[in-house]
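Undergrad: Just so you know, we're using my numbering here: the sequence shown kicks off at 23 and counts up by one. By construction, the Cβ of each residue, glycine as well, lies at the ideal position given by its N, Cα and C atoms.
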Amino acid sequence: MSDRPKLVDSSPLHPLPDALLVDSSVLGGIGRSTPERRQLINYIQSNDKQLYVSTGVVEELDKEWAGPYGVNDWLDPIRNEDWIVALPEPDYGARIRDGPTVSEMVDEAHRELAKLEQEREDELPKTDAKFAGNLVQIRVSEGHNSVGLIIDDRNAERALSQVISETEYEQFFRILRGPEVLEEIQ
23 MSDRPKLVDS SPLHPLPDAL LVDSSVLGGI GRSTPERRQL INYIQSNDKQ
73 LYVSTGVVEE LDKEWAGPYG VNDWLDPIRN EDWIVALPEP DYGARIRDGP
123 TVSEMVDEAH RELAKLEQER EDELPKTDAK FAGNLVQIRV SEGHNSVGLI
173 IDDRNAERAL SQVISETEYE QFFRILRGPE VLEEIQ
């Protein structure tokens, strides 16, 4: 297990949700030809899982200095393989039953994250806050029963967990720590 303390109580890792949204904080830490990368790809393909990235993650991986294939060559599989899918921007009016809309979830996560980061909301990018909306998007548009976010950003983990726990969406979504997931699938 990771030596880092948990900030939020989380569900056990197993079983991992069928749909997994992954942050650049995790992908950027997995090198091109590493055992972790091969294990992640093998796990996704062998266990009938689907890996998703948001448009914000694609933008974060598409750095000029990283070349045409992006940080650690993640853009090529995102563009060309079916086990990892780039999501379009979410429908900000979407919701599950009578739960909050995607827009409300993103705004609340952004406010919470700004508090934790001690930043002004208008100066803090919404990339991490949008994960709240992407989770709803995957559940609604892609039809998955359970969705997990794999992230390695303590403040984003805390803010998103807080926002989700205050809704009925808590039963559908899990926030998972990247290092723990990678360790578990070895």
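With a Cβ-Cβ cutoff of 7 Å, do L83 and L97 count as a contact?
TA: Yes, these two residues count as a Cβ contact at 7 Å.
Undergrad: For T56, which of N94, A154, A131 and D45 has the nearest alpha-carbon?
TA: Ranking N94, A154, A131 and D45 by Cα distance to T56 puts N94 first.
Undergrad: Can you check which of these residues, S163, H132 and I186, is closest to A41 by C-alpha distance?
TA: Measuring from the Cα of A41, the nearest candidate turns out to be S163.
Undergrad: Per the DSSP calculation, G195 is bridged to which residue(s)?
TA: Per the sequence shown, the amino acid found at residue 195 is Phe instead of Gly. For F195, which the question treats as bridged, DSSP gives the partners V169.
Undergrad: If you draw a straight line from the C-alpha of Q193 to the C-alpha of E86, how long is it?
TA: Using only the alpha carbons, I get a separation of about 39 Å.
Undergrad: What span of residues does the alpha helix (DSSP H) with Q184 cover, start to end?
TA: Start and end: R176 to S187.
Undergrad: Measure the C-alpha to C-alpha separation of A136 and R196 and round it to an integer number of angstroms.
TA: Rounded to whole angstroms, A136 to R196 spans 21 Å at the Cα level.
Undergrad: Along the chain, where does the beta strand (DSSP E) containing A41 start, and where does it finish?
TA: Run containing A41: A41 to V44, per the beta strand (DSSP E) assignment.
Undergrad: Just list the residues that DSSP pairs Q72 with in beta bridges.
TA: A41.
Undergrad: Tell me where the alpha helix (DSSP H) around I100 begins and ends.
TA: Element bounds for I100: L97 to N102.
Undergrad: Look up A88 in the DSSP assignment and say whether it is helix, strand or coil.
TA: Residue state, collapsed to three classes: helix.
Undergrad: Measure the C-alpha to C-alpha separation of L43 and Y114 and round it to an integer number of angstroms.
TA: Each residue's Cα considered, the two are about 18 Å apart.
Undergrad: Buried or exposed for N69, please, with buried defined as at least 16 other CB atoms from any protein chain shown within 10 angstroms of its CB.
TA: By the neighbour-count rule (16 or more Cβ atoms within 10 Å), N69 is not buried but exposed.
Undergrad: Going by DSSP, name the residue or residues bridged to A108.
TA: Answer by DSSP bridge pairing, in chain order: V75.
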